[in-house]
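**Student:** Numbered by UniProt numbering, the letters in the sequence shown go through residues 1 to 316 in order.
Think of the CB as a built atom: it goes at the ideal place given N, C-alpha and C, for glycine as much as any other residue.
All values reported here derive from a predicted model rather than from experimental measurement.
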Amino acid sequence: MQTPTTLASALAVLGADFTFPHRIEGMPQKLSNFDGLRIGSFVTNDGVKLAYWEAGQGRPLIFVPGWSGHGAHYINLLYMLAEHHHVYVLDPRNQGLSQQVDYGTRIARLSMDLKEFGDHIGVTSADYVGHSMGAAILWSYIDLFGTQAFRKVVFVDEPISIYSHQDWSEQERLEAGATTTSPERMVAAFTAGGPVNKLITDMKPFERFVMFDSPYYENSERFANAFIQGDPKAMGRVLFDHTVNDWRDVVRHKIDVPAAIFSGEESNNLPSQQWAQSVIPGATLYNYSAAEQGDHFLMFKNPAKFVEDLRAFLEG
């Protein structure tokens, strides 16, 4: 395995310590208590510097964040999983600590970035977890490069197609998980504060995102906001392309490794996740209840259960 020359402790890279607002048994109270957390970077073949977060030893486990997501959001998961796995979180271009650019802002390019990341760290086989848009990046990766680099794969609560085609039946819309007929208005709502309602996009993620109803979630969100200020305009460059992709053919025909899907009762994506389970051979669906924080952010709000279920799947 290559040794990245830019790898340094998270404390050194971020330049300050952080005290988490909630004291949680078994979790670090301060960033400085997480000795093994490191942040590195590499440059893609089109000249973009991408950051990644790393902790632990063992079999590689690579997380691909969703839209606007980055490694700071994964602080609890990194800590919990580091005991048994070599855990990585890649900050997509225009997100987190990665460079902001006005090119390569397509899901296909993000999947190429992910492939280059695997080459950079010298990992030829790993377990991959994609949350939200991160699942779409994994579908694109599989479409372009196959599953040779995947030992097992996990998709967390992502519609198979966000855009609802006008000639689709209601059944097709539900199976795809489509939530908008106006990608432009959806992008404006996410990036420029444009008017938004349930006819423009699914409002449930907005509603659940602002509910700091978990001490784990508040800890990770406060930590992320303390060090990383996202630029909605830069992050939004990928959003139109992300919205209009339809991955049903990939989900139906190209996932030939053990797969798990996570969703829950508080997510409107659940019907599409159930459809995906029905067409991926042998796929496992983890359906979290409302009491288990089964919304779009379940892995951040209930990381203890997510880690337990994830490890059971990966080790099964």
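1) In this structure, how does DSSP classify GLN2 when only helix, strand and coil are distinguished?
2) Figure out for me which residue from ILE228, GLY230, GLU266, ALA10 has the closest Cα to the Cα of MET203.
3) Give a yes or no on whether the C-beta atoms belonging to ALA55 and ILE39 are separated by under 8 Å.
4) Just list the residues that DSSP pairs residue 317 with in beta bridges.
5) Rounded to a whole number of angstroms, what is the C-alpha to C-alpha distance between ASN76 and PHE306?
6) Could you pull the DSSP bridge partners for ASP127 from this structure?
7) As a quick exercise: from VAL156, TYR128, ILE162, pick the residue whose alpha carbon is nearest that of PHE150.
8) Over the uninterrupted alpha helix (DSSP H) stretch that includes LYS152, give me the two end residues.
9) Quick check on the burial criterion: 16 or more other C-beta atoms within 10 angstroms. Buried or exposed for GLN2?
10) Would you be able to state if there are at least three C-beta pairs under 8 Å between the region 109-123 and the region 29-46?
11) Would you mind listing the alpha helix (DSSP H) stretches within the region 197-233 that are 4+ residues and don't spill past its ends, in chain order?
12) What is the DSSP secondary structure of ILE142, counted as helix, strand or coil?
13) Enumerate in chain order the residues of its own chain whose CB-to-CB distance from PHE227 is below 7 Å, with the five nearest sequence positions on each side excluded.
14) Find out if the Cβ-Cβ distance for the pair SER169, ALA178 is shorter than 8 Å.
15) Please list, in chain order, all residues of the same chain as SER111 whose beta carbon is under 7 Å from its beta carbon, the five residues on each side excluded.
16) Quick one: what's got a C-beta closer than 7 Å to ILE200's C-beta in the same chain, skipping five residues either side?
17) For ALA301, does the three-state DSSP call read helix, strand or coil?
18) Determine the contact status of MET299 and VAL156, defining contact as a CB-CB distance below 8 Å.
19) Alpha carbon to alpha carbon, how far is ASN302 from GLU292? Give it in angstroms, no decimals.
20) Where do the N-terminal and C-terminal ends of the alpha helix (DSSP H) with SER278 fall, by residue?
21) Please name the residue, chosen from PHE20, PRO205, LYS49, HIS85, that lies closest to ASN225 on a Cα-to-Cα basis.
22) What residue from ASP241, GLU172, ASN219, GLY130 has the CA that sits closest to SER263's CA?
23) Can you tell me which residues form a DSSP beta bridge with PHE20?
24) Can the beta-carbon of THR147 be found closer than 8 Å to that of VAL251?
25) If you follow the alpha helix (DSSP H) that ILE107 is in, where does it begin and where does it stop?
26) Among residues of its own chain, excluding the 5 on either side of PHE212, which ones have a beta-carbon nearer than 8 Å to its beta-carbon?
27) Can you name, in chain order, every residue of its own chain whose Cβ lies under 6 Å from the Cβ of TYR88, other than the five neighbours on each side?
28) Which residues bound the beta strand (DSSP E) around HIS86?
29) Between ASP167 and the ligand MG, is the CB less than 7 Å from at least one heavy atom?
30) What residue range does the beta strand (DSSP E) around TYR52 cover?
31) So the alpha helix (DSSP H) ILE75 belongs to, where does it begin and stop?
32) Thinking C-alpha only, which one of SER289, ILE255, GLY47, GLY294 is nearest ALA276?
33) Please determine, among ASP246, PRO281, LEU97, GLU116, the residue with the shortest C-alpha to C-alpha distance to VAL153.
**Tutor:** For this structure:
1) Since pLDDT at GLN2 reaches only 36, below the 50 mark, its modelled position is unreliable, and the value read off the structure follows with that caveat. It is coil, neither helix nor strand.
2) Taking each of ILE228, GLY230, GLU266, ALA10 in turn and checking the Cα distance to MET203, the smallest one comes out for GLU266.
3) no
4) There is no way to answer for residue 317, as the model of the chain reaches only from 1 to 316.
5) 11 Å
6) LEU61
7) For PHE150, the closest alpha carbon among the candidates VAL156, TYR128, ILE162 is that of TYR128.
8) Per DSSP, LYS152 belongs to no alpha helix (DSSP H); it is in the beta strand (DSSP E), 150-156.
9) Annotation note: pLDDT 36 at GLN2 (below 50); position unreliable, coordinate value reported separately. GLN2 comes out exposed.
10) The region 29-46, when compared against the region 109-123, does touch it at the 8 Å Cβ threshold.
11) The region 197-233 contains these whole alpha helix (DSSP H) runs: 204-209, 215-227.
12) helix
13) LEU14, ALA72
14) no
15) ILE137, SER140, TYR141, LEU144
16) THR180, SER182, ARG185, MET186, ALA189
17) Looking at the sequence itself, residue 301 is Lys, so the reference to Ala does not match. Of the three classes helix, strand and coil, the one that applies to LYS301 here is helix, per DSSP.
18) yes
19) 7 Å
20) 270-279
21) PHE20
22) GLY130
23) None, per the DSSP bridge assignment.
24) no
25) 107-121
26) GLU218, GLU221
27) TYR52, GLU54, ILE62
28) Counting along the chain, the beta strand (DSSP E) containing HIS86 begins and ends at 85-90.
29) This structure lacks the ligand MG; in fact it carries no ligand of any kind.
30) 49-55
31) 75-81
32) ILE255
33) PRO281
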